[in-house]
Each structure stands twice: as C-alpha cells, then as structure tokens.
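The opening residue of the sequence shown carries number 22 in the working numbering; numbering runs sequentially from there.
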Amino acid sequence: MVSHEQIKSEIEQLRQRLNYHNHKYYVENSPEISDFDFDAMMRRLQDLEAEHPEFYDSTSPSVRVGSDITSEFESVRHRYPMLSLSNTYSLDELREFVARVEKEVQGAEFVCELKFDGTAISLTYEHGRLLRAVTRGDGEQGDDVTANVRTIRSVPLRLSGDDYPDYFEIRGEIFMPYASFDRLNAEREAAGEALLANPRNAAAGTLKQQQSSVVAKRGLDCTLYQMAGDALPYKSHWENLTLARKWGFKVSDAMRICRTFDEVAEYIAYWDTARKSLPFPTDGVVIKVNEFAQRRLLGFTAKSPRWAVAYKFKAEQALTRLESVDFQVGRTGAITPVANLSPVLLAGTTVRRATLHNAEQIAALDIRIGDMVYVEKGGEIIPKITEVELSERQPDSEPFKYIECCPECGTPLVRYEGEAKHYCPNAASCRPQILGRIIHFIRRKALNIDGLGAETVELLFESGLIANIADLYDLKAVDLATLPRLGEKSADNIISSIVASRSVPFHRVLFGLGIRFVGETTAKYLASHFRTIDAVMSASREELMESEEVGDKIADAIVEYFASEENLAIVERLRRAGLQFEAEQKEQHSSLLEGKNVVISGKFLDHTRDELKEMIEAHGGRNQSGVSANTDFIVAGENMGPAKLQKAQKLGVKILSEQEFVALLGNIAEDEALEHKEPTATKSEEVPTEPEEVKATKEPSVVQGSLF
Ligand code: IVH
Numbered sequence: 022m023v024s025h026e027q028i029k030s031e032i033e034q035l036r037q038r039l040n041y042h043n044h045k046y047y048v049e050n051s052p053e054i055s056d057f058d059f060d061a062m063m064r065r066l067q068d069l070e071a072e073h074p075e076f077y078d079s080t081s082p083s084v085r086v087g088s089d090i091t092s093e094f095e096s097v098r099h100r101y102p103m104l105s106l107s108n109t110y111s112l113d114e115l116r117e118f119v120a121r122v123e124k125e126v127q128g129a130e131f132v133c134e135l136k137f138d139g140t141a142i143s144l145t146y147e148h149g150r151l152l153r154a155v156t157r158g159d160g161e162q163g164d165d166v167t168a169n170v171r172t173i174r175s176v177p178l179r180l181s182g183d184d185y186p187d188y189f190e191i192r193g194e195i196f197m198p199y200a201s202f203d204r205l206n207a208e209r210e211a212a213g214e215a216l217l218a219n220p221r222n223a224a225a226g227t228l229k230q231q232q233s234s235v236v237a238k239r240g241l242d243c244t245l246y247q248m249a250g251d252a253l254p255y256k257s258h259w260e261n262l263t264l265a266r267k268w269g270f271k272v273s274d275a276m277r278i279c280r281t282f283d284e285v286a287e288y289i290a291y292w293d294t295a296r297k298s299l300p301f302p303t304d305g306v307v308i309k310v311n312e313f314a315q316r317r318l319l320g321f322t323a324k325s326p327r328w329a330v331a332y333k334f335k336a337e338q339a340l341t342r343l344e345s346v347d348f349q350v351g352r353t354g355a356i357t358p359v360a361n362l363s364p365v366l367l368a369g370t371t372v373r374r375a376t377l378h379n380a381e382q383i384a385a386l387d388i389r390i391g392d393m394v395y396v397e398k399g400g401e402i403i404p405k406i407t408e409v410e411l412s413e414r415q416p417d418s419e420p421f422k423y424i425e426c427c428p429e430c431g432t433p434l435v436r437y438e439g440e441a442k443h444y445c446p447n448a449a450s451c452r453p454q455i456l457g458r459i460i461h462f463i464r465r466k467a468l469n470i471d472g473l474g475a476e477t478v479e480l481l482f483e484s485g486l487i488a489n490i491a492d493l494y495d496l497k498a499v500d501l502a503t504l505p506r507l508g509e510k511s512a513d514n515i516i517s518s519i520v521a522s523r524s525v526p527f528h529r530v531l532f533g534l535g536i537r538f539v540g541e542t543t544a545k546y547l548a549s550h551f552r553t554i555d556a557v558m559s560a561s562r563e564e565l566m567e568s569e570e571v572g573d574k575i576a577d578a579i580v581e582y583f584a585s586e587e588n589l590a591i592v593e594r595l596r597r598a599g600l601q602f603e604a605e606q607k608e609q610h611s612s613l614l615e616g617k618n619v620v621i622s623g624k625f626l627d628h629t630r631d632e633l634k635e636m637i638e639a640h641g642g643r644n645q646s647g648v649s650a651n652t653d654f655i656v657a658g659e660n661m662g663p664a665k666l667q668k669a670q671k672l673g674v675k676i677l678s679e680q681e682f683v684a685l686l687g688n689i690a691e692d693e694a695l696e697h698k699e700p701t702a703t704k705s706e707e708v709p710t711e712p713e714e715v716k717a718t719k720e721p722s723v724v725q726g727s728l729f
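Below, the structure is given as structure tokens:
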C-alpha cells in the first residue's frame, strides 16, 4: 500500500521537476527532456491530483492547461499605479531627455530595453507564489486575470531560491510571438472567422478570454521589466531585474546599461535592424534611469515618470512597383481595391499585396499602374501604400480609372451616401456575395457549422447543391458523399453540425443572417429587446432606433434586409428548418425595471456581476455596459471605475450600492417615483470625486431619500 505521505511526496516531486523543465523550455529556451517525457510526467501528476484533490495547489504546473469554467474579471486596485511612458520618435528629443536628466542628477546611468509590443501586466508574489495577475486597466485599477496568466508557461507559479521579498509586484508585458499569432490566424481563417489585426490585439484579446483553457492554447509569452515593492532587494533597476531572472522570471537579455546619449543612440540603431529577426513584436526602445535615488529626484509628471522615455521605431517602409489592381467583392457587395506589387521584403515577410481602401484614396495619392510606391505595415494585417515616388514615374503613365461595373457579375456599381466604398447591388446573384454570406453564416460566432469550411462551401456551391444559407438545411449525406474530396466521414460531420445548428440561440442566428452593420452586439441587443424575428421584421425604423445601440445606418440596413422578398423567403425556410427565431424565455419576476437602463460597476460583496445582471433582466431592465445619457442608475460596488464615476457625475446619474439595489427590488412596487428622475445638477455635487471616496457609495448617505 502506498501511504498518503508517499503520494504527497510524489506529487511534490513531480511539481518541482515539471516546474524546472518548464523554465528550461519556456524561459531559457534550452529543454533538457523530450516533449513526450514532459507530457508523461504531466499526465502522472494530473492523475494523482485528480485522485487526491486534498493536495490541490493553485501553483501546481498542472493549472497551466487552464479550465473551461467561464469567469468574470474582478476589478482590482493597483497598490502602485501603473503609469505609461512619454513617447518620442525623434532622436533630438531623446538627446534633450538625456541632457535634462544629466543636468538634474549627477552621473546618471541609463538602462535601455526593448519596448515589447503586447499588453502590460502586474504580477504579485507572496512568499514566492504567484498570488495575482492584474491588467493595467486605467492605471489605477485593472482586471484580475490570474487564472489566464497561470496558463502562460513562462510565468513562474513558484519562485526559485529564497532571497525574494515576502511580498512584491513585478510588471511586464504579455505578448504573442509571431509563430503563435500566425497559427491562431490560420485557425481563424479555416473557421471563416475574422482575422486578428496584429499580435498586440491578439495578446490583449486572449488575456480577456473568459475560459483559461482557451488562453492555454494560444501560446502567449511574458517578459518582465519592472519591479515594484516597499522592500526591494537592491537600489537599482538593473540589479533587481538581474536577481528576478534568477528567481525564474523571463527578463530580456537585450537590456543594456548606457552612460551617454551616443551609447543610447547606438543601442537604438542596433535594435532598429536587429529587431526584425526577433520572433516577437517590438515597437521601440525604453530608456530608464537606473538608480532609484535618482528616479526619486526626477519624479513624475501627471501621467508618466520623468526618469524614463520610450523611443518608438518608425514603421518600416519599402519601395516597390505597383503591377496591377484587383477588385475584391465582399459579402455585403463592398468593393475593395487591392494592389498587386512586385514582391518586396518588409518587417520579416514578403509583401505582394497592399490594400488601397477605396476610389478616393487612389485619387488622393494619385496612384498609377507602374508607379514606384512606398508600402508600410501599420496596425493592420495587410500593408498599405503611403506614397508614390513621383521622381520615378514613367512619362507615359495615365491616371487610374476606377471600375464602374462589378468585376464578378458586371452589374453597375453604386455608392451610398456617406460611404467611401463602391458597392455591387446585385446581392442575389453575385458569386462572392453569395459565398461570403454562406461563409459568414457558418462561422463559429454565428451558426457554428464547424464541419464546413470556406473551401467546402465553394465546392457545394459549384456543384449546385447550395445557392443560399437555407439550402444548407436541405443537404443530405448521400449528396455530399459523392462530391470530390469529401469522404463519408466528413459528409456525416457536416450533416451533424448542420443539425446541431438548429439549437443555436436566436441572437447568433440573427447575426448569421449577415444583415449589413448588424454585428454580434447589435444582434444580441435586437434579440433581447424584440425577442422574436417577427418583432424585428415588423419594427419600424424609429422603433429600431429607440436604443442607442441602433443608429440610423443600422436601422436602414435592417429595414432594407426585410423588405426583400428573397430574404423573407430564406428566413421562412430557416424557420421551417427549425432554427431558433425566438429568444429563450428568461424567468421574468416582474416588470419593475421595464425600460430602465442599468450599469453595473465595481466589486460586490454578496452577488457576482452575472447575478446582478440576471436580477436586472429578471425585472425587465437592461444591463448597459457603459454610462450614457440614457442610463437610469448605476449599481456600484467597491472600486467603481473612476472614468464611469466621472461620467455619472457629469450626467447626474443615480448611484446605488449593492444593498440599496437589492432593497429597491424588494420595495420598488410601492415606489412609483421610478418614472421621474431628480434634477441632475444637485446630484452631481453630491457624488464624491476622489477615487478613494468611491467606497462611500456603499453608504446610504450618498443616495439618501427617494431613489429616483
Ligand atoms: S516600463 C512607468 N519597459 O509600454 C514605466 N514598459 O507606455 C512603466 N512596455 O504600459 C513601463 N516594453 O505596456 C516599460 N521595457 C519596457 C516596456 C514597456 C513595453 C509597454 C508597457 C507600458 C507602455 C508604456
């Protein structure tokens, strides 16, 4: 019999060994064992932990696989505010920075570091164990994303050695290496999902995922560049970070001490080129005064330290020839001109195409076929043309003539008022529009028909099996199995994911219809407000626009969509196929908050934010995400965001504590005063302005008397 003690000791040993190999692999990039052996060890640990939940530990390496539990992020106040840096693109300004520092302090040393292009994070360690990970947020308070950060393999869950402070914070950047970014976008493309613009957005978006198991698969990384604490081991930045590296943190090797402006400029010149071969994105260099005593002398401005500055690299440019222009037709008929370029190397990849946006942009830049043009990678996936090199223009070049008819179906193009793009109005029979609508419909965020991909949709369309989204529901496995490249198994997969899509909730079906400008959020709003497709279909433009979620552009698009006989016929066929055209009935306790817009903000003692949201909806109210002029009241917990508070004050919106809100739901029946708001001016004077005083909103004194 294996004793309890023996199991405990085996678990502890496995954890230590896995932590060691994790660090070797993800921090030092020098693995000592094979992936196979690592996985076997991890499986053994997971099995033992599952059998012995009494040995659960939040810092066990097994937590790195994440969990499927959906979690909301709590707002946490930073013990030390997370400031940003002042930026410059100019070496002259940087020279001034160095000169100012040298004038104010004697013998300054500068630590130069790469500026990692991701999203800032603050990690708190207590007794060498990761306690909390919080995003920057507004600098004063951020979101607690600990569960997600635990899945990032390079973040130590337990520290090595014994010379770390009992309690300290270390800050850095969570970023997505190019390899992870490319893999993620390839997966999204295959699933027909919108591509992520750049690794920075991808990192920030991933960190806010509600399921840590999703984060675990995305390949994020984390580098640390600043320690904060009341009792740091050393009195300089360099020494502290060097020590932090020994505790197991990933601290960049690119860090250097420079003593003069020329040395700083040399560092910048080196990395401006060398960064192009780094496997992760950087967008500049950060220059920091090393000694804390000198930092104290230099102090802070309102937003940033006077002892540090960020020098940003200019976006890379390349000069190449414009060979030709193609015109792409999107699912809504929007025409996008795309430049075909002579292949040229730019920021690590070969560029062959660039977006030209629309006719006006081509005219504004006077771009002509055969011109030498500058291409630049901005925040977007596809590079853009920024300028024409006129000195190299051929004398016989001619101004560019924009197309007048759809390149796919020949229909004359139209331009809608206020829109820069041209459109092909032939929604019914223009091939890329039809395919685009079907591909949009099967997307994960819409009907999630994951057996199908863009290629199969094309195949089905070409073979005449589908011509619109409703045809999907008439498909039979036998028809599919006869298609080239589709085996029996994939045919069955397709059919079963089509069948499963019948239970996809109404708001996603509405989104899947592909009505112009109706994104996920608008679809959610329409579904919860109107409840049924019939109500959405019969709503007037004015009724649609009752909420600020729907502006005139969206309302017009909805009205136009349902005015088409063809669309109505498709909706009817989908209805007959059994799709959800009605929002699920939520338990409705009363209509006491009918028509009321309520914002939830801060951290609560007795309820989760989801519970509060459900309470609002169960009484007929609507949970709004941001404060606006039509907000009726805010349910505020501890640490309500300062931005929300300021806006609430300005607009004179009521603030209720959690207890008051609960009491309100109990008493509201008698309180008919709900209909009239108090004058706003007096209210705004009562609401405290200092963030520290926000807690006072929990005291009834702030919202005394009649609540509305
Ligand atoms: S130091 C008070 N060092 O750039 C200074 N920041 O606007 C705190 N960043 O929010 C930041 N690399 O997200 C520092 N080596 C580096 C950095 C870095 C990237 C980001 C960070 C910060 C922003 C500055």
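Ideal Cβ positions, reconstructed from N, Cα and C, are used throughout, including at glycine. The structure displayed is predicted, hence computed values, not measured ones.
query	result
Buried or exposed, going by whether 16 or more other CB atoms sit within 10 Å of the CB of ASN50?	exposed
Among TYR101, ASP573, LYS136 and PHE551, whose alpha-carbon lies nearest the alpha-carbon of ALA604?	PHE551
Do you know how far the Cα of SER181 is from the Cα of ASP56?	23 angstroms
Pull up the CB-CB distance for GLU679 and LEU626, whole angstroms please, since I reckon it's below 8 angstroms.	6 angstroms
With ILE536 as the anchor, note down where its beta strand (DSSP E) starts and where it stops.	Segment: none, ILE536 is in no beta strand (DSSP E) and carries neither H nor E.
Helix, strand or coil, according to DSSP, for GLU438 in the structure here?	coil
Determine the extent of the alpha helix (DSSP H) in which PRO453 is found, giving its start and end residues.	452-463
VAL307: beta carbon under 7 angstroms from a heavy atom of the ligand IVH?	yes
How long is the line joining the alpha carbons of VAL235 and SER412, rounded to whole angstroms?	51 angstroms
Tell me whether the beta-carbon of ARG85 lies closer than 8 angstroms to the beta-carbon of ALA275.	no
According to the Cβ coordinates, are LYS271 and VAL520 closer than 8 angstroms?	no
What ranges does the beta strand (DSSP E) occupy inside the stretch 208-271, keeping only unbroken runs of at least 3 residues that lie completely in it?	242-249
Give a yes or no on whether the C-beta atoms belonging to ILE142 and HIS73 are separated by under 8 angstroms.	no
Where does VAL307 land, buried or exposed, given buried means 16+ other C-beta within 10 angstroms?	buried
In the DSSP output, what is ARG374 paired with across the bridge?	ASN361
Excluding sequence positions up to five away, which residues of its chain have a Cβ less than 7 angstroms from the Cβ of ALA448?	GLY354 and GLN454
Thinking just about the alpha-carbon of each residue, which of ALA491, ALA441, GLY439 and HIS443 is nearest to the one in ILE463?	ALA491
Any chance the stretch 193-211 sits against the stretch 54-68, with 3 or more Cβ pairs inside 8 angstroms?	no
Return the bridge partner residues of VAL17 from the DSSP annotation.	Missing from the structure shown is residue 17; the chain here goes from 22 to 729 and no further.
Answer yes or no: the CB of ALA331 versus the heavy atoms of the ligand IVH, is any distance below 7 angstroms?	yes
For ALA154, does the three-state DSSP call read helix, strand or coil?	strand
With C-beta atoms as the reference, is ILE403 less than 8 angstroms away from ALA375?	yes
Three or more C-beta pairs under 8 angstroms: does that hold for the stretch 547-562 against the stretch 656-664?	no
Report the residue from LEU468, THR477 and ARG596 whose alpha carbon sits nearest the alpha carbon of GLY535.	LEU468
Run the proximity test for GLN162: is its beta-carbon closer than 7 angstroms to any non-hydrogen atom belonging to the ligand IVH?	no
In whole angstroms, give me the CA-to-CA distance for ALA224 and GLY139.	6 angstroms
Between the stretch 112-130 and the stretch 309-322, can you find at least three pairs of beta-carbon atoms closer than 8 angstroms?	yes
For a test of the three-state rule: what should DSSP assign to THR542, helix, strand or coil?	helix
Does the beta-carbon of VAL23 have 16 or more other beta-carbons within 10 angstroms, so that it is buried, or is it exposed?	exposed
How would you write the range of the alpha helix (DSSP H) that SER511 sits in, first residue to last?	509-521
So, THR263 versus GLU194, is the Cβ gap smaller than 8 angstroms?	no
At a cut-off of 7 angstroms, is PHE313 close to the ligand IVH when judged by its beta-carbon and the heavy atoms of the ligand?	no
Alpha carbon to alpha carbon, how far is GLU476 from GLU397? Give it in angstroms, no decimals.	31 angstroms
Using the Cβ count rule (16 or more neighbours within 10 Å means buried), how would you classify ASP392?	buried
So, with DSSP's three-state summary, where would you put LEU35?	helix
On the three-state DSSP scale, how would you describe THR629?	coil
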